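**Q** Have a look at this one.
Printed below as a string of structure tokens:
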């Protein structure tokens, strides 16, 4: 029935797979390396890309909602980027550029922002975007999004100058305004006024998913896939800025985000050509992926950073000496290796921002981060009078990196004499647990990038961990009053120094993400997250 | 018989009520709630309180229970906290893949188990029997996820005969439907076949010493006929129980297999609704699974009477 060749191939495959699955990982092959070495096509090659086809993306989770204004969940915003747009957005270098805005004038007293809007931008329902839509969206953002609420406290009034100009009057100078408006999580997305008003503080329903993006919402089969289709009336910008702003061309007819929870299956689907892109690939598959000629590894950074958050509101970690002791007890290299495996996927870096965030990144003042010294930790514990009481450390078992790093850190803390009781909870339980100080002494988790100092969650004295620092609050206050880069740099160094003297939390390592694309995907450029405009899928097999 | 069925159906009600109370209590006593899942760890207490109010989660537990229970009594299982879709509709949508998978897996397992068990009993003094025993042990012992990945790598990645994962409804054509389901069905059937075959073999071995078997042989019936006509049907009663339990289990969701093969079935639905604390969906689905279990048990009891005329329910 089958040729000898097929039978032979079948047998070889089975035997080799048995060995592969019991623990051997693939060896890099020249063929894969050659594929890897091929230069990536960039957006500059747009003219070579062809319109048509369906980009199939294997995602790891069904999004909770597609309303980008009400969530920061990456499973939601990565899809929503294609449907909605912001007045200002982040470019390739994570700096702020206009998107739906044409420009902005700031008054001399820095309290009045006059924003001109682009004309001729259409929503997916065919109506043209104007000042009324923008004002209604800003109002919704101010009452729904955590970041929007932060801004709305500073806003005196948002008013319409004409159909394509709005004015934001601030109560006081607030320099981070544009940075916060450009943040992609819980973002200020522009939707039609009547939808913004009807939805209010509830997440948008599927029939309200009307934006101005290059793709429009088509269908959502919960637990299976989300489908978006090309918006033919999309008004693209001329500039090619990359990231979430600039020129966007929708080449594919449809993008289908298919929920495939198993990472190995996502990779296998790429190899067979069933998917064109796959998210969240375990780093230990990196070496294996490099050997597959039909698959390209995609590095996503910045991704997130992991930390230990002590509860500073009560003993024992209300004593800064014990928090310092944790810092000295952690060998970051080992934590990174235990958590992520290949060294390409973590950075031992003490800054609270990421190296890619050119305007916000500095390592000055982070020197204590590198002081791994278990003896010093023991000495500090003795000085603080630590008597061996149980340290309740909690983490989630829902994310592998949190789980692995918590275990590695707990062992290091035990190594210097902390009596650690490590407990894991699934995500929903964990999120509730961290909100009550009595539930733990330390929690372990990670933070994704934010795009302004005021958006850093844990500088808020009410954030779980409860860091009440007059010094930090004063720095934040100064930060909101300056747009001078030199002064901002000085403040960032001061922030680092404050963090490494008061130790509100103890940073472990930066994570660098791994995703993968099929060789059929053309024009794709690595960035912090996936996006599929300026990208085409070739009909030729791989 | 009809009276018996009606009696059993009436007896369902207290079972479902108890299941309803237990699942409601357990899920509501578990830490975390949908508001926290929707809004995430950065949500302020005010935002959480507001969303809880919108979702009626701020009301006392007893009030929430009686509101839900009252609705269930009228056939309304409520709506998903996340998608707003009616729970019944969500369950019905997920039922197609699960029923398809259960049907295929059960057919495959019976196709493997019945002939191999009979062959093993027939050739019980040869090497075939120990080989069979080892085979069933292997079938029961192979972890589902491991076998699933092995099959995917072989038939989808290397040979490219079948898709890696996903589901296509029967309305899209027999081949798309079958090609997506055949690998997960094999995964599930291997374990099921192992259990069923062992049960049937042991049952047949037991009855081979019975007087009626001796009588059958004494009247000159061929060994093959003795096995087929007399031993098989008598050994099928305990086997039917196992098959029934297995079908009920699969209809309740084969979580690991559904996850690996991305099949949007009942198992996935339960896991997703637990993770997101989608109370109405979880409560409705667990009630549904309980209903399936008791109905399948009822059917198994009725099949007994067909297999063995000595069993009467009048």
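Chains as they are written, first to last, in my numbering: chain A, 4 to 545; chain B, 2 to 315. The beta-carbon is built from N, C-alpha and C at its ideal position, and this holds for glycine as well. Values in this document were obtained by computation on a predicted structure and should not be read as measured data.
So residue 184 of chain A and residue 97 of chain A are in contact, right, with Cβ under 8 Å, and what is the actual spacing, rounded?
**A** Not really, about 15 Å apart at Cβ, beyond 8 Å.
**Q** Interface residues of chain B around residue 271 of chain A at Cβ under 9 Å?
**A** 150, 153, 154, 157, 158, 165, 166
**Q** Helix or strand or just coil, what does DSSP make of residue 3 of chain A?
**A** Here chain A covers residues 4 to 545 and nothing more, so residue 3 of chain A does not appear.
**Q** Is residue 39 of chain B close to chain A? Criterion is C-beta to C-beta, closer than 8 Å.
**A** yes
**Q** Count the other CB atoms, across all protein chains shown, that sit within 10 Å of the CB of residue 161 of chain A; report buried if there are 16 or more and exposed otherwise.
**A** buried
**Q** Using a C-beta cutoff of 8 Å, does residue 225 of chain A count as contacting chain B?
**A** yes
**Q** Using a Cβ-Cβ distance cut-off of 8 Å, determine whether residue 399 of chain A contacts chain B.
**A** no
**Q** Could you tell me the boundaries of the beta strand (DSSP E) in which residue 163 of chain A lies?
**A** 158 to 165
**Q** Can you list the residues of chain A that residue 260 of chain B reaches, using a CB-CB cut of under 7 Å?
**A** 264, 265
**Q** Do residue 531 of chain A and residue 452 of chain A have their C-beta atoms closer together than 8 Å?
**A** In this structure, residue 531 of chain A places its C-beta atom within 8 Å of the C-beta atom of residue 452 of chain A.
**Q** Are the C-beta of residue 59 of chain B and some C-beta of chain A separated by less than 8 Å?
**A** no
**Q** With 16 as the cutoff for other CB atoms within 10 Å, does residue 37 of chain A come out buried or exposed?
**A** Because residue 37 of chain A sits at a pLDDT of 34, beneath the cut-off of 50, its placement in the model cannot be relied upon, and the point is left open.
**Q** Between which two residues does the alpha helix (DSSP H) harbouring residue 273 of chain B extend?
**A** 267 to 276
**Q** Which residues of the stretch 17 to 32 of chain B have a Cβ closer than 8 Å to any Cβ of chain A? Give them in chain order.
**A** 31, 32
**Q** Ignore the nearest five residues each way along the sequence and tell me which others in residue 516 of chain A's own chain have a CB closer than 6 Å to its CB.
**A** 303, 306
**Q** If the criterion is Cβ atoms closer than 8 Å, does the pair residue 511 of chain A and residue 397 of chain A meet it?
**A** no
**Q** Assuming the contact rule is C-beta atoms closer than 8 Å, residue 552 of chain A and residue 364 of chain A should be a hit. Round their C-beta distance to whole Å, please.
**A** Outside the displayed range of chain A (4 to 545) lies residue 552 of chain A, so it cannot be described from this structure.
**Q** Classify residue 269 of chain B: buried if its beta carbon has 16 or more other beta carbons within 10 angstroms, exposed otherwise.
**A** buried
**Q** Going by DSSP in three states, residue 320 of chain A sits in which element: helix, strand or coil?
**A** coil
**Q** Starting from residue 304 of chain A, follow its DSSP beta bridges and name the residues at the other end.
**A** Paired residue(s): none; residue 304 of chain A is not in a bridge.
**Q** Indicate whether at least one CB of chain A lies closer than 8 Å to the CB of residue 104 of chain B.
**A** no
**Q** Could you tell me which chain B residues have their CB closer than 7 Å to the CB of residue 157 of chain A, listed as they occur along the chain?
**A** By Cβ distance, chain B contributes nothing, its closest Cβ being about 17 Å from residue 157 of chain A, past 7 Å.
**Q** Across which residues does DSSP place residue 449 of chain A in a beta bridge pair?
**A** DSSP, once it has assigned bridges, lists A/309 as partnering residue 449 of chain A.
**Q** Could you say which of A/269, A/203, A/362, A/158 lies nearest to residue 99 of chain A if we only look at CA atoms?
**A** A/362
**Q** In whole angstroms, what is the alpha-carbon distance linking residue 373 of chain A and residue 310 of chain A?
**A** 14 Å
**Q** Using the DSSP secondary-structure output, state which residues sit across from residue 228 of chain A in a beta bridge.
**A** A/224, A/261
**Q** Please state whether the Cβ-Cβ distance between residue 17 of chain B and residue 292 of chain B is less than 8 Å.
**A** yes
**Q** For residue 346 of chain A, count neighbouring Cβ atoms within 10 angstroms of its own Cβ and tell me buried if that reaches 16, exposed if not.
**A** exposed
**Q** Between residue 54 of chain B and chain A, is any beta-carbon pair separated by less than 8 Å?
**A** By this cut-off, residue 54 of chain B is not an interface position.
**Q** If you follow the beta strand (DSSP E) that residue 138 of chain A is part of, which residue opens it and which one closes it?
**A** That residue, residue 138 of chain A, is in no beta strand (DSSP E); its alpha helix (DSSP H) goes 134 to 147.
**Q** What is the DSSP secondary structure of residue 45 of chain B, counted as helix, strand or coil?
**A** coil
**Q** Would you please verify whether the beta carbon of residue 273 of chain B is less than 8 Å from any beta carbon of chain A?
**A** yes
**Q** Could you tell me which residues DSSP pairs with residue 192 of chain A in its beta bridges?
**A** A/89
**Q** Using beta carbons (cut-off 8 Å, strictly below), is residue 67 of chain A in contact with chain C?
**A** The displayed structure is made up of protein chains A and B, and chain C is not among them.
**Q** Would residue 205 of chain A pass as an interface residue toward chain B - the criterion being a Cβ-Cβ separation below 8 Å?
**A** yes
**Q** Could you spell out the range, first to last residue, of the alpha helix (DSSP H) harbouring residue 336 of chain A?
**A** Judged by DSSP secondary structure, residue 336 of chain A falls within the alpha helix (DSSP H) whose first and last residues are 335 to 343.
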